[in-house]
Each structure stands twice: as structure tokens, then as C-alpha cells.
Amino acid sequence: MRTRLSVPLFALAALITVAPAIAAQSTTTWQWSGTLGAGRTVFVRNVNGAVRVTPGTGRTVEVLATKRSRRGDADAVRIEARMAGAGNGDVLICALWGPDARCDEKSYRGGSNRRGTDISVEFVVKVPADAKVTASTVNGSLEITDIGGDVEAATVNGSITARSLKGSVEASTVNGSITAQGAAVGDGVRYSSVNGSITITLPEATGAELDLSTVNGKISTEHPVTLDGTISRRRVKATMGKGGPTIKASTVNGSVTVKKR
């Protein structure tokens, strides 16, 4: 007896459609290393993809870039890393979309190229513990951990996570939350979002000046504080402990919370 297997036409069409798409996916990696001068800055510039920065070994900067392509031409996006700044003491790391893309320490034009629209680049960067870090992306999250120097972090569509940072911090996103955990607030920190909540976790003994604000959300703190000036549901200015550097956190649509570690 012969058994006949019947497959609906729409199922066959789906298989025919999906197979080429799966085959077209590709992942490539790119590596680089260099030596950072003491107290100098690592710049990481991206457009589509996440950036993660962690401490490495000695004075070495190690870069691992993972490029993922679905339908775009992976060669349309190039990765560059080089020494930069005065005396070539800084490190500049860039993802560049198309031939018109430009990148330096002061400006970044990531470029636009239709062949590269389905390509993402994820950076994992290891830096010296005392490094300063300036990291940015447009579509992707930022995660920076255990860095001793000043930090600047900016994204448009993505969250920001900052852990155990010892210098001053300036972090901003448009569509995303900010989570900050640390033992020090350096010379002051500033966190800002438009659509997202901000959560800051600090040790009990932290001394700082708080300036917290939101338009559509709540403001709360687990730490005992002394309020400064008029109490408002949209803005709170207060002193933690014996005072100290300023922690400024502002959002439009989201809550601002200061937790105790």
C-alpha cells in the first residue's frame, strides 16, 4: 500500500520563502588590541547594536566586534579601531555604515547605506581600570561596568546600565531605562531619559545632593534624606547623609527611584 502525503500549498510556499532568509543570515567577528595611555579616553561609536565596556588587563584595550547580517551586505559596514588624540594616547573604535561615514574623537557620522540597513554590530571592549570612556549608539543598549575614569554614555533607542563606576558619569537615552549601581558618585553624575525610568542604587553611607525630576511618574528614595526647598511631586531636591557631589536624574515619562544597597 502506498501512503500519500498531502502538504498544503501555503505550507510549501512558507518553506520556500523561509529557507533563503535563514541561509542569508551570517555572523562575523573582528578583533583588535592596543595600548591606552594613563588617564586617557576610549571612544566607542556605533549606530545599530549594543556596546559593553568592562575592565581588562594592564594598559591594553581589547575590542571584539560581532557583526550580524540578515539581508544586507555585511561588507557595507566596516569596523575601525586606531590610536588617536594628543600623542596617540587615546583609542577610537567605530562602526561605519557606507563610504561617507566619518569618525573621530570630537564627532561621528555613522553614515547611511541601504545595503547595510539589516546589519548590527555589537562591541565588547575591555579597557584599563582607570580609563575614561565615551560610548554611544543609536539603536542598542549600553552597559559599562567597574570603570575608574569619567564616563559618558548616550543612546537613542536602548537602555543604559552603569555598575560600580568611580568617576563622574553622564548618561542619556531617549527611549529606554537607566539602571545605575555603584559605590561612588565621583565628582557628580547626571542621568536623563525621555521615555523610561531611572533606578539608582547606592550604599547606605553615601553622601550626596539629590536633584530628581519627572513629568509623568513617581519619585521615591529608600535613603533617609533632608529635603531642600519646596516639596513637589515633579521634582525633589534633597541631601543624603552629609551631602557631597550632585546626583541629577530626570525623565519625562517614567519614575525616578533611589534604592539602598
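For the sequence shown, the working numbering begins at -19 and goes up steadily by one.
For each residue, glycine too, the CB sits at the ideal point set by N, CA and C.
| task | With a floor of 3 residues, list each beta strand (DSSP E) that falls wholly inside the segment 128 to 180, ordered by position along the chain. | result | 131 to 134, 140 to 143, 149 to 152, 158 to 161, 169 to 172
| Between the beta-carbon of T206 and the beta-carbon of T226, is there less than 8 Å? | no
| said: Only counting the same chain, and skipping five residues up and downstream in sequence, which positions put a Cβ closer than 6 Å to that of S139? | reply: S121, G156, S157
| said: Tell me the DSSP secondary structure of G78 in three-state form. | reply: coil
| message | What would DSSP say about D70, mapped onto helix, strand or coil? | response | strand
| task | Run the CB neighbour count on V195, radius 10 Å, all protein chains shown included, and call it buried at 16 or more, exposed below. | result | exposed
| field | beta strand (DSSP E) segment containing G14, residue limits | value | 6 to 15
| query | If you compare alpha carbons, which of T117, K112, R215 is closest to G166? | reply | K112
| said: Measuring straight from C-alpha to C-alpha, what distance separates T237 and E202? | reply: 8 Å
| Rounded to a whole number of angstroms, what is the C-alpha to C-alpha distance between S87 and S235? | 32 Å
| query | Using DSSP with H/G/I as helix, E/B as strand and the rest coil, what is D208? | reply | coil
| query | When the Cα of S173 is compared with those of A229, G223, D208, V216, which residue comes out closest? | reply | A229
| task | Under 8 Å by Cβ, that's how I've got V27 and A75 pegged, so tell me the actual separation to the nearest angstrom. | result | 6 Å
| message | Check whether the segment 206 to 217 and the segment 139 to 152 touch, using three or more Cβ-Cβ pairs below 8 Å as the test. | response | no
| What number of angstroms, rounded off, separates the C-alpha of G224 from the C-alpha of V169? | 11 Å
| task | Could you name the residues of the same chain whose beta carbon sits closer than 8 Å to that of Q5, not counting the 5 residues immediately before and after it, in chain order? | result | R48, S49, R50
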